[in-house]
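Have a look at the structure below, then the notes.
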Amino acid sequence: MCCEKVYGFTGSSAHTWLPEALVGRRFGDKFDGSGSEINLVAVFHDSEFANKDFGITAQQAAASGLSETRMSSGFRSIGIDYSYRHSINKNWQIFGEVLYEHFSSDVRKSPIARSNYEAEVGIGFIYIF
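494 is the number of the first residue of the sequence shown in our numbering; add one for each residue after it.
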């Protein structure tokens with residue numbers, strides 16, 4: 494098997510639920526999780542999470558000079574992400590990830606959003622028990 498379609502709903506954060514819907518493709522023929530994967534991702538947020546990241550309370554507005562902003566729940570962004578995992582040995586893998594997230598019009602209106610997108614690059618290690 495060289496390729497596998499990936500579908501799913503994922504998401505959570507430390508304090509609230511941040512659901513994601515994704516569709517993608519995994520490349521590789523190993524069953525140890527190594528290989529690469531590319532996904533299209535739609536992200537939704539509740540009002541608590543939206544205001545934590547992009548809202549501005551009256552107190553924050555007074556201190557910063559930015560206008561008070563209240564965010565509602567709904568569509569946050571659409572994006573694409575690519576990840577790669579490589580087995581180092583039986584218990585360790587190294588991974589890398591690149592993500593591009595294009596914000597919804599509601600998020601882009603927030604004074605906190607400095608642009609209409611967010612890009613991330615990450616590298617890390619995974620320990621397999």
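The beta carbon of each residue, even a glycine, is placed where N, CA and C say it ideally should be. In this text the structure is predicted, and so the values were computed from the model without any measurement.
- Between GLY521 and SER529, the CB-CB gap stays under 8 Å.
- With fewer than 16 other beta carbons inside 10 angstroms of its own, GLY567 counts as exposed.
- Under the DSSP definition of a beta bridge, VAL591 partners with TYR575 and VAL614.
- Excluding the 5 residues flanking it on each side, GLU611 has same chain C-beta neighbours closer than 6 Å at GLU594, in chain order.
- Ranked by Cα distance from SER598, the first of TYR575, ALA606 and LEU592 is ALA606.
- Boundaries of the alpha helix (DSSP H) around ALA551: 551–557.
- Here GLY615 is exposed: its Cβ has fewer than 16 other Cβ atoms, across all protein chains shown, within 10 Å.
- If you draw a straight line from the Cα of GLY589 to the Cα of THR550, it is about 36 Å long.
- The C-alpha of ILE573 lies about 15 Å from the C-alpha of PRO512.
- Relative to the Cα of SER565, the nearest Cα in the group LYS583, SER527, ARG519 and GLY548 belongs to GLY548.
- Here SER540 carries a helix assignment [DSSP, helix/strand/coil].
- Counting along the chain, the unbroken alpha helix (DSSP H) around ASP599 starts and ends at 598–601.
- Non-local C-beta neighbours of LEU533 in its own chain, meaning closer than 6 Å and more than five positions away in sequence, comprise VAL516 and ILE573, ordered along the chain.
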